[in-house]
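K.L.:
What follows is a single structure, and I will ask about it in a moment.
Protein chains: 2
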Amino acid sequence: MATKTSKKTKQEPVILITNDDGITAPGIKALTEAVAGLGKIVVVAPDKPQSGMGHAITIGEPLRLHRAAPIVDGVECWSCSGTPVDCVKLSVDKVLHRKPDICLSGINHGANNSINVIYSGTMSAALEASIESIPSIGFSLLEFSIEADFTAAKKYVRMIVEQILKSKKINKHLCLNVNIPYVSEKLIKGIKVCHQAYAKYEEKFDERKDPHGKKYFWLTGEFVNFDKSKESDVWALKNNYVSVVPVQFDLTNYTLKKELEKTWKF
Amino acid sequence: MATKTSKKTKQEPVILITNDDGITAPGIKALTEAVAGLGKIVVVAPDKPQSGMGHAITIGEPLRLHRAAPIVDGVECWSCSGTPVDCVKLSVDKVLHRKPDICLSGINHGANNSINVIYSGTMSAALEASIESIPSIGFSLLEFSIEADFTAAKKYVRMIVEQILKSKKINKHLCLNVNIPYVSEKLIKGIKVCHQAYAKYEEKFDERKDPHGKKYFWLTGEFVNFDKSKESDVWALKNNYVSVVPVQFDLTNYTLKKELEKTWKF
Numbered sequence: 000m001a002t003k004t005s006k007k008t009k010q011e012p013v014i015l016i017t018n019d020d021g022i023t024a025p026g027i028k029a030l031t032e033a034v035a036g037l038g039k040i041v042v043v044a045p046d047k048p049q050s051g052m053g054h055a056i057t058i059g060e061p062l063r064l065h066r067a068a069p070i071v072d073g074v075e076c077w078s079c080s081g082t083p084v085d086c087v088k089l090s091v092d093k094v095l096h097r098k099p100d101i102c103l104s105g106i107n108h109g110a111n112n113s114i115n116v117i118y119s120g121t122m123s124a125a126l127e128a129s130i131e132s133i134p135s136i137g138f139s140l141l142e143f144s145i146e147a148d149f150t151a152a153k154k155y156v157r158m159i160v161e162q163i164l165k166s167k168k169i170n171k172h173l174c175l176n177v178n179i180p181y182v183s184e185k186l187i188k189g190i191k192v193c194h195q196a197y198a199k200y201e202e203k204f205d206e207r208k209d210p211h212g213k214k215y216f217w218l219t220g221e222f223v224n225f226d227k228s229k230e231s232d233v234w235a236l237k238n239n240y241v242s243v244v245p246v247q248f249d250l251t252n253y254t255l256k257k258e259l260e261k262t263w264k265f
Numbered sequence: 000m001a002t003k004t005s006k007k008t009k010q011e012p013v014i015l016i017t018n019d020d021g022i023t024a025p026g027i028k029a030l031t032e033a034v035a036g037l038g039k040i041v042v043v044a045p046d047k048p049q050s051g052m053g054h055a056i057t058i059g060e061p062l063r064l065h066r067a068a069p070i071v072d073g074v075e076c077w078s079c080s081g082t083p084v085d086c087v088k089l090s091v092d093k094v095l096h097r098k099p100d101i102c103l104s105g106i107n108h109g110a111n112n113s114i115n116v117i118y119s120g121t122m123s124a125a126l127e128a129s130i131e132s133i134p135s136i137g138f139s140l141l142e143f144s145i146e147a148d149f150t151a152a153k154k155y156v157r158m159i160v161e162q163i164l165k166s167k168k169i170n171k172h173l174c175l176n177v178n179i180p181y182v183s184e185k186l187i188k189g190i191k192v193c194h195q196a197y198a199k200y201e202e203k204f205d206e207r208k209d210p211h212g213k214k215y216f217w218l219t220g221e222f223v224n225f226d227k228s229k230e231s232d233v234w235a236l237k238n239n240y241v242s243v244v245p246v247q248f249d250l251t252n253y254t255l256k257k258e259l260e261k262t263w264k265f
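Heads up: the protein sequence lines correspond to chains B and Y, in order.
The opening position of the first sequence corresponds to residue 0 in numbering that gives the first Met the number 0, with each subsequent residue numbered one higher.
The opening position of the second sequence corresponds to residue 0 in numbering that gives the first Met the number 0, with each subsequent residue numbered one higher.
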């Protein structure tokens with residue numbers, strides 16, 4: 000790590016780290032360790048699990064922000080009562096008092112490839128950063144377990160972050176969705192730039208009765224992939240590549256726009 | 000309204016209605032009234048306000064679903080303890096037991112143009128429907144007030160829904176983000192197909208102290224538009240057009256994908 004007095008320190012990038020599994024998750028510790036020495040790291044993460052929160056923001060109640068014990072020695076850490084997107088917004092205004100040079104989110108315990116990008120708090124935090132002109136990367140490991148082994152993941156995280164930081168000019172809206180297969184390092188074939196696979200969940204709610212005889216439902220579902228392309232993230236991960244999907248926040252469907260302009264009559 | 004015994008009844012479209020302001024909001028009543036007679040309407044909406052919930056889903060706790068009093072005479076209504084996206088998922092599996100022919104969301108109290116599409120529960124419900132191959136439209140009125148006058152909005156809602164329903168073939172992933180200016184009907188110039196304006200919020204958290212002397216923060220922010228195009232929804236609304244932005248759930252940035260494929264070296 001650069002010392003505080005060296006000339007380099009002034010230029011070292013500020014790296015904001017967040018996640019959606021909460022500040023106590025092993026994945027965010029692994030991410031912080033993976034990029035140690037690449038800049039000044041500040042962690043601002045939810046104080047509880049926030050998986051599936053998508054791009055939710057907290058507008059109906061106030062937010063709390065507390066200094067937390069370092070998850071890695073010497074790293075400034077904060078826990079926030081809000082969503083992953085709240086964490087990004089709040090850290091810029093109230094922790095860093097500036098935009099960081101890059102925002103990293105994860106490492107998520109579980110896949111965020113394909114349509115999961117829409118539901119994922121991890122990826123929504125990254126997308127929020129890119130909306131705010133902060134280049135960002137969300138990382139996910141294809142293993143839900145709290146005891147997941149992040150050894151291989153950390154190596155690829157560092158390679159990708161280094162690649163971005165050494166770029167001459169980083170696109171300020173750059174946002175990458177990186178998923179890492181859960182196999183031993185030897186088996187990973189490399190990094191593949193992909194598109195978001197066309198896939199979705201077939202919902203099946205699990206219907207139960209509470210002790211008072213009243214119905215309740217648990218959301219469950221089966222992931223179904225309709226995308227046969229070898230350019231998709233689902234294909235890449237199945238074939239042991241680390242998948243990288245560049246993501247954008249302009250949701251306009253320009254093809255449909257043209258079609259409507261031609262065919263609509265009022 | 001078609002009678003239950005007519006032949007037409009069997010073919011009438013099933014219209015699912017939801018929102019993010021909750022089932023008691025005047026906006027969802029206005030939407031239900033606006034499309035009366037266009038099909039069999041079923042309302043499944045959150046039991047409390049869910050603004051800003053984005054594409055959040057409920058995975059950490061179970062969901063409740065209760066039959067609710069009709070918000071419009073004769074309409075089947077349900078309230079759900081979850082998010083707008085949960086409402087869409089749950090209604091397909093546990094209320095309708097089939098996919099509706101169209102899903103309508105709103106009418107939201109407040110604008111959902113430009114980047115708001117990302118944070119909006121109203122639009123996330125519509126987007127969820129389109130992921131599930133259900134054509135959908137989200138409607139928003141540029142007025143937050145609970146006493147907002149929906150008269151002009153209802154007219155445009157009906158025009159747009161009729162236009163879609165009479166199409167020979169509806170794109171199953173069609174998803175429209177419709178915003179309606181809050182001016183008298185005479186002043187509305189018509190309907191304009193647009194792209195999502197490039198705009199964002201400049202956050203400013205309101206810092207306060209609770210009675211125990213501890214800090215808390217309210218999210219506030221200023222909407223800043225960087226998009227000067229006359230094709231954007233912000234422009235259309237400023238010029239008293241109803242804006243219609245076709246929206247998609249493939250977030251892949253294909254331009255950046257090509258760039259990375261060319262320049263990345265590992």
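For each residue, glycine too, the CB sits at the ideal point set by N, CA and C.
Is there at least one Cβ from chain B nearer than 8 angstroms to residue 285 of chain Y's Cβ?
P.N.:
A query on residue 285 of chain Y cannot be resolved here, the shown segment of chain Y reaching from 0 to 265 and no further.
K.L.:
What number of angstroms, rounded off, separates the C-alpha of residue 150 of chain B from the C-alpha of residue 184 of chain B?
P.N.:
8 angstroms
K.L.:
Going by beta-carbon coordinates alone, are residue 69 of chain B and residue 76 of chain B separated by less than 8 angstroms?
P.N.:
yes
K.L.:
Taking the Cβ atom as the reference point for each residue, do residue 38 of chain B and residue 13 of chain B lie within a distance shorter than 8 angstroms?
P.N.:
yes
K.L.:
Does the beta-carbon of residue 232 of chain B have 16 or more other beta-carbons within 10 angstroms, so that it is buried, or is it exposed?
P.N.:
buried
K.L.:
So, is residue 153 of chain Y buried or exposed, given that buried needs 16 or more other C-beta atoms within 10 angstroms?
P.N.:
buried
K.L.:
How close, in whole Å, do the beta carbons of residue 123 of chain Y and residue 189 of chain Y come, if the pair is a contact with beta carbons under 8 angstroms?
P.N.:
About 27 angstroms separates the two Cβ atoms, so there is no contact after all.
K.L.:
Give me the Cα-Cα distance between residue 128 of chain Y and residue 135 of chain Y, rounded to the nearest whole angstrom.
P.N.:
6 angstroms
K.L.:
Distance check for residue 256 of chain B and residue 250 of chain Y, CA to CA, integer angstroms please.
P.N.:
16 angstroms
K.L.:
Could you check which residue in Y:201, Y:142 and Y:168 has the C-alpha nearest to that of residue 179 of chain Y?
P.N.:
Y:142
K.L.:
Among Y:220, Y:228 and Y:61, which residue has its Cα nearest to the Cα of residue 219 of chain B?
P.N.:
With distances taken between Cα atoms, residue 219 of chain B lies closest to Y:61.
K.L.:
Going along the chain, which unbroken runs of the beta strand (DSSP E) with 3 or more residues stay wholly within the segment 82-127 of chain Y?
P.N.:
101-108
K.L.:
In the structure shown, what three-state DSSP assignment does residue 214 of chain Y receive?
P.N.:
strand
K.L.:
Between B:194, B:252 and B:11, which lies nearest to residue 226 of chain B when the distance is taken from Cα to Cα?
P.N.:
B:194
K.L.:
Below 8 angstroms CB to CB, which residues in the same chain sit around residue 252 of chain Y once its five sequence neighbours on both sides are set aside?
P.N.:
So no residue of the chain qualifies.
K.L.:
Please report the Cβ distance between residue 94 of chain B and residue 28 of chain B, rounded to the nearest whole angstrom; I am assuming they are in contact, meaning their Cβ atoms lie under 8 angstroms.
P.N.:
Rounded, the Cβ-Cβ distance is 19 angstroms, inconsistent with contact.
K.L.:
Against chain Y, which members of the segment 31-56 of chain B pass a CB distance test of less than 8 angstroms?
P.N.:
48, 50, 51, 52, 53, 54, 55 and 56
K.L.:
Let me see if you follow: with CB-CB separation under 8 angstroms, is residue 170 of chain B close to chain Y or not?
P.N.:
yes
K.L.:
Applying the criterion that 16 or more other CB atoms from any shown protein chain within 10 Å of the CB defines a buried residue, is residue 65 of chain B buried or exposed?
P.N.:
exposed
K.L.:
Please look up how many angstroms separate the CB atoms of residue 106 of chain B and residue 74 of chain B, rounded, as I've assumed it's under 8 angstroms.
P.N.:
Residue 106 of chain B to residue 74 of chain B, Cβ: 15 angstroms. No contact.
K.L.:
Quick one: does residue 59 of chain B have its CB under 8 angstroms from some CB of chain Y?
P.N.:
yes
K.L.:
Just to confirm, is the Cβ distance from residue 177 of chain B to residue 138 of chain B under 8 angstroms?
P.N.:
yes
K.L.:
Looking at the secondary structure, which residues open and close the beta strand (DSSP E) in which residue 137 of chain Y lies?
P.N.:
Residue 137 of chain Y -> beta strand (DSSP E) spans 135-140.
K.L.:
Can you list, in chain order, the residues of the segment 170-196 of chain Y whose Cβ is nearer than 9 angstroms to any Cβ on chain B?
P.N.:
170, 172, 173, 174, 175, 176, 189, 190, 192, 193, 194 and 195
K.L.:
Check whether the Cβ of residue 123 of chain Y lies closer than 8 angstroms to any Cβ atom in chain B.
P.N.:
yes
K.L.:
Which value, in whole angstroms, describes the spacing of the CA atoms of residue 91 of chain Y and residue 19 of chain B?
P.N.:
28 angstroms
K.L.:
State the CB to CB distance for the pair residue 112 of chain B and residue 196 of chain B, rounded to an integer number of angstroms; the pair is presumed to be in contact (CB under 8 angstroms).
P.N.:
7 angstroms
K.L.:
Are the beta-carbon atoms of residue 102 of chain Y and residue 44 of chain Y separated by less than 8 angstroms?
P.N.:
No, Cβ-Cβ distance for residue 102 of chain Y and residue 44 of chain Y is not below 8 angstroms.
K.L.:
Any C-beta of chain B sitting closer than 8 angstroms to the C-beta of residue 117 of chain Y?
P.N.:
Residue 117 of chain Y counts as touching chain B.
K.L.:
What does residue 91 of chain B reach in chain Y if we use C-beta pairs closer than 8 angstroms?
P.N.:
202
K.L.:
Any residues in the segment 143-167 of chain B with a beta carbon nearer than 7 angstroms to a beta carbon of chain Y? Which ones, in chain order?
P.N.:
158 and 162
K.L.:
Which whole-angstrom value describes the C-beta separation of residue 108 of chain B and residue 26 of chain B, a residue pair presumed to lie in contact below a C-beta threshold of 8 angstroms?
P.N.:
5 angstroms
K.L.:
Would you grab the beta carbon distance between residue 89 of chain B and residue 246 of chain B for me? Rounded to a whole angstrom, and I think it's under 8 angstroms.
P.N.:
With a Cβ gap of about 22 angstroms, residue 89 of chain B and residue 246 of chain B do not count as contacting.
K.L.:
Pick from Y:210, Y:114 and Y:133: whose alpha carbon is nearest that of residue 130 of chain B?
P.N.:
Y:114
K.L.:
Suppose you measure from the CA of residue 148 of chain B to the CA of residue 36 of chain Y; what does that come to, to the nearest Å?
P.N.:
Their Cα atoms are separated by approximately 57 angstroms.
K.L.:
If you run the structure through DSSP and keep just helix, strand and coil, what is residue 26 of chain B?
P.N.:
helix
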